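Input: a single structure, listed below in structure tokens.
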Amino acid sequence: MAGIIARKNQEKLAESLYKNTNFSKQEVLNLLTMFSEEVKPKDKMDRTAFREILRTKFSMTDDMLMDRVFRAFDKDTDSFIRMEDWVMGLSDFLRGNLDKRTEFCFNVYDLNGDSFISKEEIIQLLKNTIVKQSTEEEPDEGVRDLCDIALRITDDDSDNKLSLKDFKAAVNRNTLLLEIFGQCLPNQDDIDKFLEEIKDEKENQAKGPSSYKPRKT
1 MAGIIARKNQ EKLAESLYKN TNFSKQEVLN LLTMFSEEVK PKDKMDRTAF
51 REILRTKFSM TDDMLMDRVF RAFDKDTDSF IRMEDWVMGL SDFLRGNLDK
101 RTEFCFNVYD LNGDSFISKE EIIQLLKNTI VKQSTEEEPD EGVRDLCDIA
151 LRITDDDSDN KLSLKDFKAA VNRNTLLLEI FGQCLPNQDD IDKFLEEIKD
201 EKENQAKGPS SYKPRKT
């Protein structure tokens, strides 16, 4: 009985969510089932579980950026991801248009949430990525040089910080700048594999049970 009630609740939630996403209703149902499998017996996902999904399904390994992606999904900032956060976040993460993906990356890079990416934040982001790969004993000077280069090509008003408007303009000029400060989106191969897991096998069916089948790893 509890299982039947849970499925009906998921169907109602899928109905209310899918029209505001880039998923079909069946795909949303499958995402909700996947979420339930990942968090059971709980009803919310903590940071550790979410980071494991980023690592195993989306090949992400940078602890700092994975934490920032978690925060981008956690809209109410309660340190947990709930079903609605999961579906809405994945909609932009996997199928968002360039504008949505640009906003997502900007929010990841805006470390203190003040609606700007400051020079200090850029240095922190670049240092986090470059120092791990550097063989130099003093890589800080190289990081600052790269920060200056990054600002020259993205900071249109030369105020040593990036607004969302600056960042969008730069990405529209060159989409390679989308993840200029580190990976925060999955690669296409991982996207395709994940979408295959939640594939809508009941397209055009008004309502039906989840067809989600976990991918073997």
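Okay, so the sequence shown: first residue is 1 according to the UniProt record's numbering, each after it adds one.
Just so you know, even glycine gets a beta-carbon here, dropped at the ideal spot from N, CA and C.
Bear in mind that the values here come from a model prediction, so they are computed numbers and not experimental data.
- One alpha carbon belongs to Glu-27, the other to Gln-188, and they sit about 18 angstroms apart.
- Between Ser-118 and Leu-164, the beta carbon gap of about 13 angstroms keeps them out of contact (Cβ cut-off 8 angstroms).
- Three or more beta-carbon pairs drawn from the segment 72-91 and the segment 8-26 are found closer than 8 angstroms, and the two stretches are therefore classed as touching.
- Here Gly-89 is buried: its Cβ has 16 or more other Cβ atoms, across all protein chains shown, within 10 Å.
- By a beta-carbon distance limit of 8 angstroms, Asp-92 contacts Arg-101. Their separation comes to about 7 angstroms.
- In the DSSP assignment, Ser-91 forms no beta bridge with any residue.
- Check the Cα spacing between Leu-176 and each of Glu-197, Thr-154, Phe-58, Thr-33: the tightest is with Thr-154.
- Out of Arg-152, Val-69, Asn-160, the CA that lies nearest to the CA of Arg-55 is found in Val-69.
- A straight line joining the alpha-carbon of Lys-161 with that of Asp-78 spans about 28 angstroms.
- The alpha helix (DSSP H) runs of length 4 or more contained entirely in the segment 67-111 are, from start to end of the chain, 83-95, 98-109.
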